[in-house]
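Chains as they are written, first to last, in our numbering: chain X, 1 to 353; chain H, 1001 to 1353.
Structure representation (structure tokens):
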């Protein structure tokens, strides 16, 4: 993600991610309500403090949206049931060490506290925010310490580019011309990563705790389906054009692949059942139109840029890629393509009890 | 503090703070040993995870020194007493929201983990680092969640410049020409702040927990004693020179005061007893020679600059103060004065059971 709060920053180009969170609010509310009201676990019912983790929190207006929901819903439930004393809240914000935690702490956390005071209206409300750097494909929190885990638009990122995908040639992700072995390598990396994620969380989430995960996925059972690969094909198109103009080397493009996998519903289900620690309460697929990104292809491209730029710069170098020329080319291609069809981002939320 | 890791950064100019931590290591070790071995609290003895907080952690090589000691001492004690299973460790790093947490997460935390693996030598060791932004003159952590609290060279910073010190004229701290009412205002601010600090920590530290605090103080009962005011008088001297040269306005200097108070032993003791939550196990005063800053006045001045520059820039503006001219002038004055006497920083560690 691009850090900071400038024009190309993720913070200023995360409208689609906001829409997705908004869409999953009823599910988040149901999970939190069940956590508080239906849990038979004394660890939850007698808790003086409730701890939630936002995994892949990024830096921007979305970072604390679900935390706000969490505090508001719990406070409402407590008041409704005559508990004057609200629990203390711990909000643990996780992302990779390169995430811009400074901006969260300096800009977004103070606004969060101000909004909380206004909306929940209790000066005796304690809500402690902390930043937890690290990969969620490893342990991040103490055992049995979390009541609620949320992650949105992060779990489709793999821990690394799969091995044995050098033969993927001009594709930068699974594409229509990708060999079968490349697709298998991507899928197996997803299986390993997702299973590791579940095992780590199963140690951290306490008995009775809940988890709501939303990730970019696909409706089709075919991993090379256009619905998830399209946007990367557009990016590849711009890169190929730069190769033909001699701006970047062909070999450099050949060795570039995106560490992402957008699973199908059944692939997610299979992995959860195989790992065995969690029970699925709800598993669904939803669509969000590209138009939700701000109404035009230009904004879709800006959104993609804010996400992909660090990957591109890391591989091809800053000099070539943060040029107005490349950005303009990619923006133009996406804008054109977005006008031709109504491609969509697919999100799938689910949770466990 | 100056952020980052550049030449003027706190990270590169915190040798004196390192010496102080080094000096207090036996006290830290005794406190941790008592925490683990002598505690009658089942919360500590049966704990699967141990949580320590470093308050005013700053950003630099000192940030994680005591955390390393904490993990090493506990691991050694566990092994010595035949506990194969080490507890999980939670290291909570606190400082103001403006602290450079990004550099901690990107540079110092990875080195910490690498060193830990080398020194404790267990791949099954879990040590979770998080950043907690906020003032320690307010609640920062969930109730009864901390086993061990450490803070070094931070608690002499007040929450704000005391009110009613406008009459302090050319002094920027308590100085030999400060009116009695200014000294009283500073002392009362220290009393309010320190008492608030103790009340907040008493809610967060669990029964049987330990706290080791080191702060800049003074031997003398007189708050205007040269031992603590001297360094600020040197800085004031440089500022006055700039006024005489018309580089800054006299009024601007008149309204600048440092939010610091260096208490005496009895002032600390009085406050702890008055607040009543903590028992003092040990309270002592130690000296560290200016020479420990790196051997010369130039290094003392660089150390002071890395601490004071943000305060100066905040008040006088960047244009005037981050000039080589000012820095050179201050460095020269301090170097000269340091050569004349053997002024010392006074540190006072203490802890409670």
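For each residue, glycine too, the CB sits at the ideal point set by N, CA and C.
Cross-chain neighbours of residue 102 of chain X in chain H, by beta carbon under 7 Å: 1100, 1101, 1102
Three-state class that DSSP yields for residue 1168 of chain H in the structure shown: helix
Listed by chain order, chain H residues near residue 155 of chain X by CB distance under 9 Å: Within chain H, no residue comes near residue 155 of chain X; the closest Cβ sits about 20 Å away, beyond 9 Å.
For residue 1084 of chain H, three-class secondary structure by DSSP: coil
Chain X contact for residue 1106 of chain H (CB, 8 Å cutoff): yes
Proximity of residue 1285 of chain H and residue 1031 of chain H at Cβ, strictly below 8 Å: no
Cutoff 8 Å: residue 254 of chain X Cβ touching any chain H Cβ: no
CB of residue 1054 of chain H within 8 Å of CB of residue 1143 of chain H, strictly: no
Enclosing beta strand (DSSP E) for residue 52 of chain X [first to last residue]: 49–55
Which listed residue (H/1235, H/1236, H/1247, H/1229) has its alpha carbon closest to that of residue 1263 of chain H: H/1229
Reference residue 1109 of chain H, options H/1058, H/1277, H/1164, closest by Cα: H/1058
Residue-level contact to chain H via CB, residue 132 of chain X, 8 Å cutoff: yes
Reduced DSSP category for residue 1026 of chain H - H, G, I as helix; E, B as strand; rest coil: helix
Burial state of residue 201 of chain X, where buried means 16 or more other Cβ atoms lie within 10 Å: buried
Best match in X/118, X/131, X/69 for proximity to residue 98 of chain X [C-alpha to C-alpha]: X/131
Spatially closest choice to residue 1316 of chain H from H/1272, H/1172, H/1270, by CA coordinates: H/1172
Which residues DSSP lists as bridging residue 1150 of chain H, in chain order: H/1054, H/1212
Beta carbon proximity, residue 1049 of chain H to chain X, threshold 8 Å: yes
Closest by C-alpha distance to residue 1155 of chain H, when choosing among H/1037, H/1094, H/1118: H/1094
Where residue 1124 of chain H meets chain X, residues with beta-carbon distance less than 7 Å: Within 7 Å Cβ-Cβ: nothing; residue 1124 of chain H doesn't reach chain X, min ~11 Å.
Residue 221 of chain X - DSSP class collapsed to helix/strand/coil: coil
Member of H/1169, H/1027, H/1090 whose CA lies at the smallest distance from the CA of residue 1281 of chain H: H/1027
Alpha-carbon to alpha-carbon, residue 116 of chain X and residue 48 of chain X: 19 Å
Chain H residues whose Cβ lies nearer than 8 Å to that of residue 70 of chain X: Result: empty, since nearest Cβ-Cβ is about 15 Å, beyond 8 Å.
Neighbouring residues, chain H, relative to residue 92 of chain X (Cβ below 9 Å): 1130
Supposed contact pair residue 1253 of chain H and residue 1268 of chain H - C-beta distance, whole angstroms, cut 8 Å: About 31 Å separates the two Cβ atoms, so there is no contact after all.
Contact with chain X by residue 1097 of chain H, beta-carbon distance below 8 Å: yes
Chain-ordered neighbours of residue 1141 of chain H on chain X, where CB pairs are closer than 7 Å: 128
Through-space distance from residue 192 of chain X to residue 1138 of chain H, alpha-carbon basis: 43 Å
Span of the beta strand (DSSP E) around residue 1130 of chain H: 1127–1133
Of the residues H/1196, H/1079, H/1091, H/1188, the one placed nearest residue 1150 of chain H, counting alpha carbons only: H/1091
Option nearest residue 239 of chain X by Cα separation, candidates X/257, X/223, X/226: X/257
Neighbouring residues, chain H, relative to residue 88 of chain X (Cβ below 7 Å): 1142, 1143
The alpha helix (DSSP H) enclosing residue 1274 of chain H, as first and last residue numbers: 1265–1275
Listed by chain order, chain H residues near residue 109 of chain X by CB distance under 9 Å: 1097, 1133, 1134
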